[in-house]
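Encoded as structure tokens, the structure appears first; notes follow it.
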Amino acid sequence: MGSLNKPSYRIVAIPGEGIGPEVVEACLEILQHVAKLEGFTLQVDYGWLGAAAKEQFGTYFPQATAQLCDGSDGIVFGATSVGGLLELRKHFDFFCNLRPIRIVNSLLHKSSLRPEKVQGLDMLIVRELVSGIYFGPAGRSCDDNGAYGYHTMRYYDEEIRRIARKALQQAQQRRGLLTVAHKENALPHLPWTRLVQEEATQFPGVIVEPMLVDNLAMQMVLNPQRFDVILAGNMFGDILSDIGGALVGSIGLLGSASLNADGFGLYEAIHGTAPDIAGKGIANPLGTLAACILMLQQWGKVGAAQRIIAAQDRILAKGYRTADLSPEGAEISVKTETLVDLLLEELSTVQHSELGVLHESCK
Ligand code: IPM
Ligand code: MG
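Numbered by full-length UniProt numbering, the letters in the sequence shown go through residues 1 to 363 in order.
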């Protein structure tokens with residue numbers, strides 16, 4: 001993979017709208033700081049997507065943005081509400097979306113479940129990102145019964161097989177259990193179970209557990225600790241990953257990596273533009289930061305990634321919380337900027353010797 005452990009990197013930052021620009025700026029500051037500490041350089045180019053792009057270029061996903069991203073080492077994306085994001089994902093064939101859902105010890109009581117239900121929670125949702133109902137034949141039309149609209153959940157077998165291989169690989173590197181979200185009792189022409197099981201013959205040691213997606217959603221709430229890797233198509237993965245936000249205490253904590261076959265990636269939080277709090281300086285940057293951590297791991301910069309994880313864990317352990325985490329009691333309510341300052345300070349004090357067990361990289 002071209003980006004592995006180089007002395008200098010170029011990324012494209014696409015802030016987007018809503019809280020996007022605030023959280024991206026926050027993370028760039030942290031990334032620059034960690035790059036200095038770890039001895040590599042980071043060049044940042046700014047790209048446009050969504051409403052900002054439409055204003056300037058007349059289109060949600062301008063060619064100028066695509067060109068800027070071409071040949072870069074990664075794209076750090078904020079949020080958009082109007083369009084462009086699906087085109088960006090499709091353009092670079094970012095089919096493999098990794099959404100880790102891991103509980104932070106000091107936030108156990110922030111979960112919507114009882115602490116003992118989420119203690120040690122560590123699952124990974126592998127979501128197919130460039131096909132399925134988001135990209136199948138769609139439109140509006142009318143017939144004798146009136147006007148109608150349609151979106152089609154279409155998957156080529158090979159699209160299922162290639163994301164299955166990624167999920168199997170992840171499961172092999174983790175605890176060896178792959179739960180496959182499907183809906184074959186209603187959608188029998190999408191045989192996720194059979195296709196994944198066929199691919200699994202190449203991944204000894206991985207147990208494939210097919211599960212109807214409605215039941216899976218319930219099990220994620222009843223017994224989330226049982227899961228290791230969950231494989232899902234585009235829409236099911238979108239829905240299931242928001243449950244992850246409730247499990248860990250705030251959707252503002254979760255990030256994702258979307259990779260193509262070359263390992264080139266788009267890194268974004270799972271949350272949206274949050275228009276209700278945009279511009280107030282109170283957004284939680286940790287979702288986008290989680291995505292940036294995945295980017296560093298993808299680059300092989302595991303020390304840099306671990307440094308940020310350690311700093312973040314310490315800041316949270318000290319009780320600092322952004323508004324989405326509903327600070328109460330002895331917890332200290334902080335704005336985005338303060339949280340970033342605290343992280344910058346903490347980053348410098350993390351010693352290499354304390355970097356401990358490294359989190360799994362998302363190869
Ligand atoms: C996500 C988001 C997007 C999606 C929206 C903004 C199109 O919900 O990344 O989870 O559905 O993929
Ligand atoms: Mg979503």
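Glycine is no exception: its CB is placed at the ideal position from the N, C-alpha and C atoms.
Worksheet item: Cβ atoms of residue 65 and residue 20: under 8 Å apart, would you say?
Response: no
Worksheet item: Would you say residue 228 touches the ligand MG, meaning its beta carbon is less than 7 Å from a heavy atom?
Response: no
Worksheet entry | Sub-8 Å separation of residue 343 and residue 103 beta-carbons | no
Worksheet item: Pick from 124, 249 and 58: whose alpha carbon is nearest that of residue 117?
Response: 249
Practice prompt. Find out if the Cβ-Cβ distance for the pair residue 227, residue 273 is shorter than 8 Å.
Written response: no
Worksheet item: Since residue 122 is in the beta strand (DSSP E), which residue starts that stretch and which ends it?
Response: 122-128
Worksheet item: Cβ-heavy atom distance between residue 242 and the ligand MG below 7 Å?
Response: yes
Practice prompt. To the nearest angstrom, report how far apart residue 192 and residue 259 are at their CA atoms.
Written response: 21 Å
Item to complete: Compare the C-alpha of residue 62 against each of 74, 86 and 42 and name the closest.
Response: 86
Worksheet item: For residue 315, which residues of its own chain have a beta-carbon under 8 Å away from its beta-carbon, when the five flanking residues on both sides are left out?
Response: 339, 342, 343 and 346
Worksheet item: Near residue 332, what residues of its chain come up, given a Cβ to Cβ distance below 8 Å and the 5 sequence neighbours on each side ignored?
Response: 318, 319, 320 and 321
Worksheet item: Is it true that the region 6-21 meets the region 41-56, where meeting means three or more beta-carbon pairs spaced less than 8 Å apart?
Response: yes
Worksheet item: Considering only residues of the same chain and omitting the five flanking positions on each side of residue 324, which have a CB-CB separation below 6 Å?
Response: 250, 252 and 284
Practice prompt. Starting from residue 77, follow its DSSP beta bridges and name the residues at the other end.
Written response: 14 and 268
Worksheet item: Where does residue 363 fall in DSSP's three states?
Response: Note on residue 363: pLDDT 37, under 50, position unreliable in the model; the coordinate value appears next. In the structure shown, residue 363 sits in coil (DSSP, three-state: anything other than H, G, I, E or B).
Worksheet item: With distances taken from CA atoms, which of 25, 4, 8 and 6 is nearest residue 268?
Response: 25
Discussion item. Considering only the alpha carbon of each residue, which of 232, 44, 183 and 135 lies closest to residue 163?
Written reply: 232
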